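Each protein sequence line maps, in turn, to chains B and W.
Take 6 as the starting number for the first sequence in our numbering and just add one per residue.
Take 371 as the starting number for the second sequence in our numbering and just add one per residue.
Data first, discussion second: the structure below is written as structure tokens.
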Amino acid sequence: MKSYLEIFKNGLWKENAVFVLALGLCPALAVTTSASDGFGMGIALIFVLSMSVLILSLCRNFISDKVRVPFFMAVIAGFTTITDMSMKAYLPALAKSLGLYVPLIVVNCIPLGRTEVYATKNGPMQSLIDGLGMGAGFTIALTVIGGIRELLGNGTLFKIPVLAAIPSFKPAVMMIMPAGGFIVMGILMGIYAWYNKRASNSGVAEAFGLQDEELVPPEIPDEITHASVAEKN
Amino acid sequence: MNYKEIAKTASNLLIVCLCVGALLALANQITREPIKAQELKATLESRQKLLPADEYVDLFTDEKGKLDDDLITGLKEKKVLSVVKAVKNGNFCGFVIETGKTGYSSFIKTMYSVNPKYQIAGILVKEQAETPGLGDKITKEPFIGRFKNKSVSSLILTKTEDENIKAITGATISSRAMTESVHDSLEALIGAIKEQAARKAGTSTQQGETTETPSPVQENTPAAAAETAPATSTETPAPAISPEKAAPAETPAVNETPVKPQEVKKPAVKPEPVKHTTGKKPGKSPVKKPGKKPGKSSGKAPAGKPHGLKAKPVSHAQEPRKMVAPKSDGKPSVNTLIIRPEEGNVKQHDAPAPVQINFNMFHSDVYAAGVQIDPRLKELLPAYGYEQVVSGGFRGLDKYGKTTGYVVKTVGKGYAGDIIVGYSADTSFRLITVRILQQNETPGYGDKTEKSDFLGQFKGKSSEKIVVRKNAPQSDDYICAISHATISSTAVINCVRGSLERLRTAVKQEEGK
């Protein structure tokens with residue numbers, strides 16, 4: 006049994022929803038025009054995800070296998086709607102800039118994926134931690150993507166002028182546009198994969214899909230060679 | 371699957387739906403009030419942005435400034451979603467109006483403010499989901515800026531830079547929906563305010579005050595509005611506004627104004643567009659057909675509606691010419707192909723709605739004997755001989771005088787002038803080939819009508835199937851408009867259908883004899 010910290014870290018980093026599992030890419034591209042939007046979206050997802058996996062993990066023994074998915078959808082949709090309504094009520098500015106993407110959490114792969122893959126097989130506590138970890142990973146990914154795009158495309162970070170404070174700075178508007186989202190996400194995914202491979206000390210080679218053997222030819226110990234030759238003789 | 375399992379499945383779904391439903395009801399209960407408050411706050415903020423004021427009196431709901439119920443109904447019919455009177459330092463300083471109309475793919479909700487002279491002071495789009503990158507340009511400069519300081523007579527969509535509102539290229543339908551909703555709602559509001567004032571004047575005994583009401587809209591209505599405004603209570607309106615208003619009221623116009631409210635409203639509103647357009651139109655888009663006999667070309671009938679978008683192109687027209695069919699033997703319908711956009715199509719069409727095309731313009735090609743025919747039409751339907759059926763419509767004959775098919779030349783009113791279309795049809799009136807013979811549409815947008823992906827759709831269709839669809843997959847039952855060139859494609863589709871139906875009727879009539 007993994008420790009809770011391990012489960013959390015797994016979602017946060019090792020199986021990061023955006024960079025590793027490549028789930029929930031639609032909002033990850035669409036709402037990341039600014040760091041705060043990305044962050045807000047992430048928080049909304051954390052709430053929906055952790056509540057859904059908690060409830061569904063509690064119910065996992067009662068759910069009939071045949072209506073499993075509709076059951077998940079009903080619960081996820083319920084929490085999404087609650088999130089949407091409370092955002093509109095208490096955070097209207099954020100709700101406005103996130104627009105359609107909050108209701109679209111219903112069809113986001115992350116809640117559905119985690120309930121199906123994890124919550125139906127694990128206890129409520131593990132599921133909750135997993136949900137929180139996955140959500141946190143998603144939030145960090147979106148915030149980073151949003152931050153880079155906002156910084157380059159608008160010169161601000163969390164709406165505070167950073168690069169824009171430099172008079173000669175000219176924003177690269179493309180970064181705010183969809184193309185910028187793809188570029189930033191692609192580069193970040195690459196860096197992420199490279200770093201992870203490096204950390205697991207297989208080196209750069211494996212990160213680029215090469216086998217270790219191709220770079221380092223196996224050495225044949227002399228004694229064995231001699232011995233085998235001698236034996237033959 | 372046994373009963374136990376069925377029961378489990380059903381109860382599963384039932385329970386989850388009940389629980390989620392209850393949870394949602396609870397959440398809704400809690401958030402409803404805050405959401406309402408937020409929306410109200412947002413509305414107030416946009417009002418402040420559009421027309422800063424201390425107080426907004428809702429003309430629909432607030433007791434003190436409410437209009438008569440029938441006027442409110444009238445305004446609501448004209449798509450006025452809400453209207454408030456702005457009061458600053460006790461002075462009337464304009465209205466903020468919320469309006470909306472369906473554009474290309476969504477309902478476009480607009481909020482705008484007018485000053486006491488009914489000129490647009492500020493405008494913003496509150497809600498829309500038009501095509502990103504094209505239709506959504508209505509929310510931005512420079513389009514938004516074109517509304518500034520416009521009075522109701524200038525709120526007309528045009529294609530050229532002038533004192534009216536220039537449409538966005540490739541997004542005419544979105545721009546028109548927005549312009550029209552603003553125009554219609556403002557016009558309706560002016561009418562309603564005037565009428566309310568007139569009614570008030572009718573009931574009160576102060577005749578002297580009301581007789582001064584000058585006739586032009588802009589100057590008149592503020593005074594009227596001031597009268598309708600018990601909202602600002604007794605001290606405010608009269609002294610503050612009247613001196614300012616008295617100045618423009620040089621023409622001590624019609625004294626009977628207060629008597630018949632209906633009449634007050636009409637002369638004030640209607641002359642505007644006419645006066646306006648006569649001055650400017652000649653410089654604008656050439657309506658005349660180049661090359662064709664110029665004298666006969668423009669047979670625009672006077673439009674029914676004298677105001678608004680549709681009125682404009684018409685109002686300038688010189689004496690509408692009579693359309694005389696060459697063989698006027700009591701049945702002009704056979705020789706004059708008149709295409710009227712049907713009710714449903716009018717809104718698809720661009721500004722000059724009541725298109726009535728006089729086919730006399732083709733008489734250079736056509737003689738009663740039916741021998742001369744445009745060579746391009748011959749290409750569409752090679753035949754031994756041709757015989758005229760209707761003006762611009764011919765029957766192809768083989769050696770033995772048997773009908774091989776039909777070929778028609780027709781005209782549709784496109785975005786930038788006329789589109790001349792030629793097509794051939796088989797004996798059961800199914801289309802064979804459609805070709806654009808002449809057009810002047812926007813390069814890259816409207817001229818896509820010449821492409822075979824569009825024209826190919828016509829092949830094999832009978833007139834019932836020649837209907838416009840937007841954003842639909844290709845099908846045998848209709849013809850897909852070209853996106854971002856809806857007006858051009860609609861024009862082609864409608865003129866083909868209209869003329870094909872005419873042709874068929876004419877042929878059926880002939881056979882019946």
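The C-beta atom is built at its ideal place from N, Cα and C for all residues, glycine as well.
These numbers were taken from a predicted model, which means no experiment stands behind them.
Does the beta carbon of Pro404 of chain W come closer than 7 angstroms to any beta carbon on chain B? Yes, its Cβ sits closer than 7 angstroms to a Cβ of chain B.
Spell out the partners DSSP gives Asp428 of chain W in its beta bridges. In the DSSP output, where bridge partners are listed per residue, Asp428 of chain W has W:Val454.
Can you round the beta-carbon distance between Gly43 of chain B and Ile150 of chain B to whole angstroms, since I take them to be within the 8 angstroms contact cut? 6 angstroms between Cβ atoms; contact.
In three-state DSSP terms, what is Gly160 of chain B? Three-state result, Gly160 of chain B: coil.
Distance between Val862 of chain W and Val838 of chain W (C-alpha atoms, nearest Å): In a straight line, the C-alpha of Val838 of chain W is about 10 angstroms away from that of Val862 of chain W.
Check Ile81 of chain B in the structure and name its three-state DSSP category. In the displayed model, Ile81 of chain B falls within a helix according to three-state DSSP.
Tell me whether Ser545 of chain W sits in a helix, a strand or coil according to DSSP, three-state version. Helix.
Using a Cβ cut-off of 7 angstroms, pull out every chain B residue sitting near Thr379 of chain W, in sequence order please. Residues of chain B passing the Cβ test: Ser69, Lys71 and Val72.
State the CB to CB distance for the pair Arg805 of chain W and Gly792 of chain W, rounded to an integer number of angstroms; the pair is presumed to be in contact (CB under 8 angstroms). Contact between Arg805 of chain W and Gly792 of chain W holds: their C-beta atoms lie close to 5 angstroms from each other, under 8 angstroms.
Cβ pair count under 8 angstroms reaching 3, the stretch 32–46 of chain B against the stretch 125–133 of chain B: Contact annotation: the stretch 32–46 of chain B does not touch the stretch 125–133 of chain B, with fewer than three C-beta pairs closer than 8 angstroms.
Could you tell me which of W:Val457, W:Ser483 and W:Lys449 sits nearest to Ala472 of chain W, measuring between CA atoms? It is Thr, not Ala, that sits at residue 472 of chain W in the sequence shown. Selection W:Val457, W:Ser483 and W:Lys449 evaluated against Thr472 of chain W yields W:Lys449 as nearest (Cα-Cα).
Hey, out of B:Leu50, B:Ala184, B:Phe76 and B:Ser173, whose CA is closest to Ile145 of chain B's CA? The shortest C-alpha separation from Ile145 of chain B is found at B:Leu50.
Is it the case that the stretch 795–811 of chain W contacts the stretch 865–873 of chain W, given that we only count it when at least three CB pairs across the two stretches are under 8 angstroms? Verdict: yes, contact present.
Roughly how many whole angstroms lie between the Cα atoms of Gln418 of chain W and Pro97 of chain B? Gln418 of chain W and Pro97 of chain B: Cα-Cα distance of roughly 18 angstroms.
Can you confirm whether the stretch 515–529 of chain W touches the stretch 423–439 of chain W when touching is taken to mean that 3 or more C-beta pairs between the two stretches lie within less than 8 angstroms? Judged by pairs of C-beta atoms under 8 angstroms, the stretch 423–439 of chain W does not touch the stretch 515–529 of chain W, as fewer than three such pairs exist.
Considering only C-alpha positions, which residue in the set B:Ser8, B:Leu117 and B:Thr148 is nearest to Val74 of chain B? Nearest of B:Ser8, B:Leu117 and B:Thr148 to Val74 of chain B, Cα basis: B:Leu117.
Going by DSSP, which residues form a beta bridge with Asp788 of chain W? Per the DSSP secondary-structure output, Asp788 of chain W pairs in a beta bridge with W:Lys783.
Cβ of Ser786 of chain W within 7 angstroms of Cβ of Glu811 of chain W? The amino acid occupying residue 786 of chain W in the given sequence is Ala; Ser does not appear at that position. Judged by their CB atoms, Ala786 of chain W and Glu811 of chain W are nearer to each other than the 7 angstroms cut-off.
Which chain W residues are close to Val80 of chain B, counting only those with a beta carbon under 9 angstroms from its beta carbon? Those within 9 angstroms of Val80 of chain B in chain W are Val386, Cys389 and Val390.
Separation of Ser483 of chain W from Phe13 of chain B, as counted between CA atoms: Approximately 54 angstroms, taken between the alpha carbons.
At the 7 angstroms Cβ level, is Leu383 of chain W part of the contact set with chain B, yes or no? At a cut-off of 7 angstroms between beta carbons, Leu383 of chain W contacts chain B.
Tell me which residues of the stretch 81–105 of chain B have at least one Cβ-Cβ distance to chain W shorter than 8 angstroms, keeping chain order. For the stretch 81–105 of chain B, the set of residues with a beta-carbon nearer than 8 angstroms to any beta-carbon of chain W comprises Ala82, Gly83, Thr86, Ile87, Met90, Ser91, Lys93, Ala94, Tyr95 and Pro97, in chain order.
Alpha carbon of Val72 of chain B to alpha carbon of Ser551 of chain W, nearest angstrom: Per the coordinates, the alpha-carbon of Val72 of chain B lies some 48 angstroms from the alpha-carbon of Ser551 of chain W.
Use the C-beta contact count for Met139 of chain B: other C-beta atoms within 10 angstroms, 16 or more gives buried, fewer gives exposed. With 16 or more Cβ atoms within 10 Å of its Cβ, Met139 of chain B is classed as buried.
Do Ala537 of chain W and Ser545 of chain W have their CB atoms nearer than 7 angstroms? Yes, Cβ-Cβ distance for Ala537 of chain W and Ser545 of chain W is below 7 angstroms.
Classification of Cys31 of chain B by the beta-carbon crowding that lies within 10 angstroms, buried from 16 upward: Label assigned to Cys31 of chain B: exposed.
Excluding the 5 residues preceding and the 5 following Phe513 of chain W in the sequence, name in chain order all residues of the same chain whose CB lies nearer than 7 angstroms to its CB. For Phe513 of chain W, the CB contacts under 7 angstroms within the same chain, skipping 5 residues up- and downstream, are Lys507, Ile538 and Ser545 in chain order.
Taking only beta-carbon atoms, is Phe52 of chain B less than 7 angstroms away from chain W? Closer than 7 angstroms to the CB of Phe52 of chain B there is not a single CB belonging to chain W.
Considering only the beta carbon of each residue, do Tyr754 of chain W and Asp768 of chain W sit closer than 7 angstroms? Yes, they are a contact pair.
Exposure of Ala456 of chain W, with buried meaning 16 or more beta-carbon neighbours within 10 Å: Buried: at least 16 other Cβ atoms inside 10 Å.
Interface residues of chain W around Phe24 of chain B at Cβ under 9 angstroms? Here the premise fails: no neighbours, minimum Cβ distance about 27 angstroms.
For Lys520 of chain W, which three-state DSSP category applies? In this structure, Lys520 of chain W counts as coil in the three-state DSSP scheme.
Starting from Ile405 of chain W, follow the alpha helix (DSSP H) in both directions and report where the run begins and ends. First-last of the alpha helix (DSSP H) with Ile405 of chain W: Tyr373 to Leu420.
Among W:Lys446, W:Lys779, W:Arg800 and W:Gly561, which residue has its Cα nearest to the Cα of Val759 of chain W? The candidate whose alpha carbon is nearest that of Val759 of chain W is W:Lys779.
Look at the alpha carbon of Ala596 of chain W and the alpha carbon of Tyr95 of chain B, and state the distance between them as a whole number of angstroms. Its pLDDT being 42, under 50, Ala596 of chain W is placed unreliably in this model, and the value from its coordinates should be taken loosely. Computed Cα separation, rounded: 39 angstroms.
Ala423 of chain W: which of W:Lys529, W:Asn485 and W:Lys406 sits nearest, CA to CA? For Ala423 of chain W, the closest alpha carbon among the candidates W:Lys529, W:Asn485 and W:Lys406 is that of W:Asn485.
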